[in-house]
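379 is the number that the numbering used here gives to position 10 of the sequence shown; each next residue is one higher, with no gaps.
Ideal Cβ placement from N, Cα and C applies to all residues, glycine included.
In what follows, a structure is listed as structure tokens, so that the remarks can point back to it.
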Amino acid sequence: MNEVYQRHAGSEPPARSTVQAAKLPAGALVEIEAVAHL
Numbered sequence: 370m371n372e373v374y375q376r377h378a379g380s381e382p383p384a385r386s387t388v389q390a391a392k393l394p395a396g397a398l399v400e401i402e403a404v405a406h407l
């Protein structure tokens, strides 16, 4: 996975993350993640 990502994203890839595909905590219906570039 990382090799393919690196080939397509180049030398300065965007931020990325992985999440567990299971029940969200406290009955949440969605999960939102944000990255800020300052």
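Assumed close pair residue 380, residue 402 - CB separation to whole angstroms, cut-off 8 Å: Between residue 402 and residue 380 the Cβ distance is about 24 Å, and since that is not below 8 Å, they are no contact.
Below 8 Å CB to CB, which residues in the same chain sit around residue 393 once its five sequence neighbours on both sides are set aside? 399, 400
Given a cut-off of 8 Å on the beta-carbon distance, is the pair residue 412 and residue 404 in contact? This structure cannot speak to residue 412, because the chain is shown only from 370 to 407.
Helix or strand or just coil, what does DSSP make of residue 396? helix
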